[in-house]
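Presented below is the structure to which this report refers.
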Amino acid sequence: AHEEKERREIDSHTIQLSSLFPSSPSSCVLSSRASSTKSSLHVTHRHGTCSRLSSSKATSPDHTEILRLDQARVNSIHSKLSKKLTDRVRQSQSTDLPAKDGSTFGTGNYVVTVGLGSPKHDLSLIFDTGSDLTWTQCQPCVRTCYSQKEPIFNPSSSSSYYNVSCSSAACSSLSTATGHAGSCSASNCVYGIQYGDQSFSVGFLAKEKFTLTSSDVFDGVYFGCGENNQGLFTGVAGLLGLGRDKLSFPSQTASTYNKIFSYCLPSSASSTGHLTFGSAGISRSVKFTPISTITEGTSFYGLDIVGITVDGQKLSIPPTVFSTPGALIDSGTVITRLPPKAYAALRSAFKAKMSKYPSTAAVSILDTCFDLSKFKTVTIPAVAFTFSGGAVVELGSKGILYPFKMSQVCLAFAGNSDDNN
Amino acid sequence: AAIFGNVQQQTLEVVYDGAGGRVGFAPNGCS
Chain A
2 AHEEKERREI
12 DSHTIQLSSL
22 FPSSPSSCVL
32 SSRASSTKSS
42 LHVTHRHGTC
52 SRLSSSKATS
62 PDHTEILRLD
72 QARVNSIHSK
82 LSKKLTDRVR
92 QSQSTDLPAK
102 DGSTFGTGNY
112 VVTVGLGSPK
122 HDLSLIFDTG
132 SDLTWTQCQP
142 CVRTCYSQKE
152 PIFNPSSSSS
162 YYNVSCSSAA
172 CSSLSTATGH
182 AGSCSASNCV
192 YGIQYGDQSF
202 SVGFLAKEKF
212 TLTSSDVFDG
222 VYFGCGENNQ
232 GLFTGVAGLL
242 GLGRDKLSFP
252 SQTASTYNKI
262 FSYCLPSSAS
272 STGHLTFGSA
282 GISRSVKFTP
292 ISTITEGTSF
302 YGLDIVGITV
312 DGQKLSIPPT
322 VFSTPGALID
332 SGTVITRLPP
342 KAYAALRSAF
352 KAKMSKYPST
362 AAVSILDTCF
372 DLSKFKTVTI
382 PAVAFTFSGG
392 AVVELGSKGI
402 LYPFKMSQVC
412 LAFAGNSDDN
422 N
Chain B
78 AAIFGNVQQQ
88 TLEVVYDGAG
98 GRVGFAPNGC
108 S
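Okay, here's the thing in structure tokens:
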């Protein structure tokens with residue numbers, strides 16, 4: 002009976018609807034893990050009350066815009082994966098970078114603060130497991146810089162800054178880290194990274210001291226010192242690349258952290274999460290699944306999804322539905338994208354369990370929405386993913402619903418446009 | 078490819094073990 006009760010409990014979540022729309026308190030709740038664990042950084046929501054970048058009140062994000070940009074990012078990831086390796090890198094001598102390369106920056110919602118240079122200069126960077134090159138804007142902004150909250154880094158005021166020669170191995174490895182080979186300017190290596198929504202950063206590949214915490218300081222980290230930066234980054238100083246390429250931050254600090262890092266994203270706009278490098282403090286209940294390498298996108302962390310359960314029932318989805326297109330995990334993509342047949346099975350199973358709640362209009366890419374304005378609580382079916390190696394991952398209720406407003410709460414998944422992507 | 082997005086990650090502790098070639102999830106790792 003106990004097991005049955007426990008199983009039943011896992012099969013559904015009953016949620017107070019008010020908890021889906023918390024009034025954001027003015028104070029910020031700090032992650033205890035980030036505050037007390039070695040090599041750990043606070044992760045803030047870019048628009049939240051904890052962010053150094055936003056004014057005192059959280060700005061309520063424009064969900065439609067978030068989902069539009071999210072789709073742009075997913076489109077650019079898919080275009081990257083579908084490109085043939087042969088037509089990849091062209092030597093770009095100019096700063097006009099082809100729009101189809103690179104990944105769309107997307108909504109870039111999660112930010113960490115790292116120290117750069119000597120003396121240390123704190124900068125808020127978006128962390129991104131879907132890209133590799135770490136970069137920030139640099140004075141004198143030879144071409145252009147977008148507005149950022151903190152003062153723009155000035156390499157000439159740092160005693161530990163070095164430009165990288167264009168004959169160096171690091172310059173040659175730019176082609177896999179950014180999709181563009183490095184070019185030369187007065188024998189200094191120049192990088193360029195393009196984000197599909199017309200956002201880009203171009204500048205000098207350089208080496209600098211990075212300070213994560215008082216005890217985690219790294220000399221000579223390769224990063225992009227951006228003299229020509231444009232696009233959706235407003236407010237933040239740049240990006241911390243956490244991908245799998247040898248130029249990514251985890252790869253460059255592998256001798257200290259063994260390429261291990263973990264994070265908890267903030268559960269609300271008024272709390273912080275953590276980004277921790279190394280294995281300190283990792284939960285004992287963690288379930289692992291092997292990383293699969295995606296040929297066309299070796300920087301991505303590939304995963305093998307083998308099944309989805311709703312309300313404890315395994316959906317009948319042929320394994321090839323997942324294995325043919327493959328899967329990856331990306332901290333910069335907001336809504337999980339599933340192959341069409343898998344999404345159709347999830348949607349119909351979910352709707353069947355939600356039949357007591359009135360359906361309502363779709364919003365943007367989310368086509369399964371409910372009007373809950375007449376209810377105080379909602380009971381939704383549990384959703385779990387099974388990954389190769391047997392890891393079964395139960396999602397929390399916040400991972401199942403995307404609440405726009407009481408009268409429009411949607412299933413937080415979307416289908417890809419065709420079976421192969 | 079399917080993409081596991083950050084809304085779904087929000088309720089989990091996500092662990093990347095690059096050297097071990099594995100990714101981990103801890104459903105109650107963030108509370």
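Sequences listed follow chains A and B, in order.
Residue numbers for the first sequence, in my numbering: 2 to 422.
Residue numbers for the second sequence, in my numbering: 78 to 108.
Glycine residues also receive a C-beta, built at the ideal position from the N, C-alpha and C atoms.
The model shown is predicted, which means the values in this text are computed figures rather than measured ones.
In the structure shown, residue 144 of chain A falls within a coil segment according to DSSP collapsed to helix, strand and coil. Taken atom to atom, the span from the alpha-carbon of residue 81 of chain B to that of residue 350 of chain A is near 19 Å. Counting only the Cα atoms, residue 249 of chain A lies some 37 Å from residue 348 of chain A. Here the alpha carbon of residue 304 of chain A sits roughly 5 Å from the alpha carbon of residue 292 of chain A. Secondary structure of residue 175 of chain A (DSSP, three-state): helix.
With fewer than 16 other beta carbons inside 10 angstroms of its own, residue 406 of chain A counts as exposed. Boundaries of the alpha helix (DSSP H) harbouring residue 352 of chain A: 341-354, taken from the DSSP string.
Residues of the region 195-225 of chain A that bring their beta carbon within less than 7 Å of a beta carbon in chain B are absent altogether.
The continuous alpha helix (DSSP H) containing residue 70 of chain A extends over residues 64-83.
Within chain B, no residue has its CB atom less than 9 Å from the CB of residue 29 of chain A, the nearest being about 16 Å off.
DSSP places residue 400 of chain A in the helix class (H, G or I) of the three-state scheme. Under the three-state reduction of DSSP, residue 83 of chain B is assigned to helix. Within the model, the alpha-carbon separation for residue 252 of chain A versus residue 245 of chain A is close to 7 Å.
For residue 329 of chain A, there is no enclosing alpha helix (DSSP H); the residue is part of the beta strand (DSSP E) that begins and ends at 328-330. Secondary structure at residue 102 of chain B: strand, using DSSP grouped into helix, strand and coil.
Taking a C-beta cut-off of 7 Å against chain B, the contacting residues of the region 301-328 of chain A are 302, 304, 306, 323, 326, 327 and 328, listed in chain order. Cβ-Cβ distances below 6 Å link residue 30 of chain A to 272 in the same chain, with the five nearest sequence neighbours on each side left out; the list follows chain order. Along the region 335-353 of chain A, the positions whose C-beta sits under 8 Å from a C-beta of chain B are 335, 336, 337, 338, 339, 340 and 343, read in chain order. If you draw a 10 Å sphere on the C-beta of residue 66 of chain A, you find fewer than 16 other C-beta atoms in it, and that means exposed. Flagged as an interface residue toward chain B: residue 110 of chain A, by a C-beta distance shorter than 9 Å. Residues of chain B with a Cβ closer than 8 Å to the Cβ of residue 260 of chain A are, in chain order, 93, 94, 95 and 96. A Cβ-Cβ contact shorter than 9 Å links residue 255 of chain A with residue 95 of chain B. Not a single CB atom of chain B sits nearer than 9 Å to the CB of residue 73 of chain A. Contact between residue 34 of chain A and residue 232 of chain A does not hold, since their C-beta atoms are separated by about 32 Å, which reaches or exceeds 8 Å.
The C-alpha of residue 341 of chain A is placed about 6 Å away from the C-alpha of residue 419 of chain A. Near chain B, meaning a CB-to-CB distance below 9 Å, the residues of the region 386-400 of chain A are 386, 388, 390, 392, 394, 395, 396, 397, 398, 399 and 400.
Selection A/381, A/156 and A/68 evaluated against residue 208 of chain A yields A/156 as nearest (Cα-Cα).
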